[in-house]
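S.K.: The structure that follows is given in the form of structure tokens.
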Amino acid sequence: MSRDSFRLVIILSAFIWGAGLFQGGATAQGNKVEHVMKAYYVPHIAADGAVWDTYLLTDNLTNMPGSFTLTVYDAQGAALGSYDRDVAAFGSDVVDFHLDAPPGAVCASIETDSHGMNFRVAYHSGEGGVTE
Numbered sequence: 594m595s596r597d598s599f600r601l602v603i604i605l606s607a608f609i610w611g612a613g614l615f616q617g618g619a620t621a622q623g624n625k626v627e628h629v630m631k632a633y634y635v636p637h638i639a640a641d642g643a644v645w646d647t648y649l650l651t652d653n654l655t656n657m658p659g660s661f662t663l664t665v666y667d668a669q670g671a672a673l674g675s676y677d678r679d680v681a682a683f684g685s686d687v688v689d690f691h692l693d694a695p696p697g698a699v700c701a702s703i704e705t706d707s708h709g710m711n712f713r714v715a716y717h718s719g720e721g722g723v724t725e
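The numbering used here puts the first residue of the sequence shown at 594, with every later residue one more than the last.
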């Protein structure tokens, strides 16, 4: 596969998978609001620092604090670690997988029951490219 084809695959993967990483939800149950646990996936982490780096960008779109749990996995599917992250009301959070994930991390999952959390995956090329 040529380098340009590989870049196209990465860009398309980021677009397809990133499009599904939007916000958590809530359902009405009588007079109360029940928060539903939502799970999202980061299917590819480029964290070797050689050419591409991967970032998880989180925005809390509500006036209430939010949180999520990020779990990273190796190529065999074994969890390498889980990290609880807090995001202030109307705040944001950035995870730099090159700096924040253990070596060998190739994918991740995100779980949240916070309503209004918006997740995006961004890839940055050391050669001068960015994609979300």
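Ideal Cβ placement from N, Cα and C applies to all residues, glycine included.
Predicted model only: the values in this text are computed from it and were never measured.
Should Leu663 go down as buried or exposed, given a rule of 16 or more other Cβ atoms within 10 Å for buried?
M.R.: Counted from its first residue, the sequence shown places residue 663 at position 70. That one is buried.
S.K.: Quick one: what's got a C-beta closer than 6 Å to Tyr634's C-beta in the same chain, skipping five residues either side?
M.R.: As a first step, residue 634 is located in the sequence shown; it is residue number 41 there, counting from the start. If we look at Tyr634 and ignore the five residues flanking it on each side, its Cβ neighbours are Ser702.
S.K.: Asn656 bridges to which residues according to DSSP?
M.R.: Working through the sequence shown from its first residue, we reach residue 656 at position 63. Partner(s): none; Asn656 has no beta bridge.
S.K.: Is the separation between the beta-carbon of Ala715 and that of Leu650 shorter than 7 Å?
M.R.: Here residue 715 refers to the residue found at position 122 of the sequence shown. Here residue 650 refers to the residue found at position 57 of the sequence shown. The answer is yes: Cβ separation under 7 Å.
S.K.: Going by the beta-carbon positions, is the gap between Arg678 and Phe690 smaller than 7 Å?
M.R.: Locating residue 678 in the sequence shown gives position 85, where the first residue counts as 1. Locating residue 690 in the sequence shown gives position 97, where the first residue counts as 1. It is not a contact, given that the beta carbons lie outside the stated cut-off.
S.K.: Could you compute how far the alpha carbon of Phe712 sits from the alpha carbon of Ala681?
M.R.: Here residue 712 refers to the residue found at position 119 of the sequence shown. Here residue 681 refers to the residue found at position 88 of the sequence shown. In a straight line, the C-alpha of Phe712 is about 14 Å away from that of Ala681.
S.K.: Using the Cα positions of Thr705 and Ser675, report the straight-line distance between them to the nearest angstrom.
M.R.: If you number the sequence shown from 1, residue 705 lands on position 112. If you number the sequence shown from 1, residue 675 lands on position 82. C-alpha separation (whole angstroms): 13 Å.
S.K.: Taking 7 Å as the limit between beta carbons, can you name the residues of its chain near Ala647, skipping five residues before and five after?
M.R.: In the sequence shown, counting from the first residue as 1, residue 647 sits at position 54. Note on identity: in this sequence residue 647 is Thr, with Ala being the wrong assignment. Same-chain partners within the cutoff: Ile638, Ala639, Ala640, Phe690, Val714, Tyr716.
S.K.: Measuring only the C-alpha atoms, how far is Ala694 from Pro636?
M.R.: Residue mapping note: residue 694 aligns to position 101 of the sequence shown, counting from 1. Residue mapping note: residue 636 aligns to position 43 of the sequence shown, counting from 1. Approximately 15 Å between the Cα atoms of the pair.
S.K.: Give every residue of the same chain whose Cβ lies closer than 8 Å to the Cβ of Tyr666, excluding the five residues on either side of it in the sequence, and list them in chain order.
M.R.: Here residue 666 corresponds to residue number 73 of the sequence shown, with the count starting at 1. The answer, listed in chain order, is Ala672, Leu673, Ala698, Val699, Cys700, Ala701, Ser702.
S.K.: Out of Gly721, Ser707, Pro696, Ala668, state which residue places its alpha-carbon closest to the alpha-carbon of Met630.
M.R.: Here residue 630 corresponds to residue number 37 of the sequence shown, with the count starting at 1. Minimum Cα distance to Met630 is reached at Ser707.
S.K.: Excluding five sequence neighbours on each side, which residues of the same chain lie with their C-beta closer than 6 Å to the C-beta of Gly659?
M.R.: Locating residue 659 in the sequence shown gives position 66, where the first residue counts as 1. Only Asn653, Val680, Ser707, Met710 meet the Cβ criterion.
S.K.: When DSSP builds the beta bridges, which residues end up paired with Ser707?
M.R.: As a working note, residue 707 is residue 114 in the sequence shown. None; Ser707 has no bridge partner.
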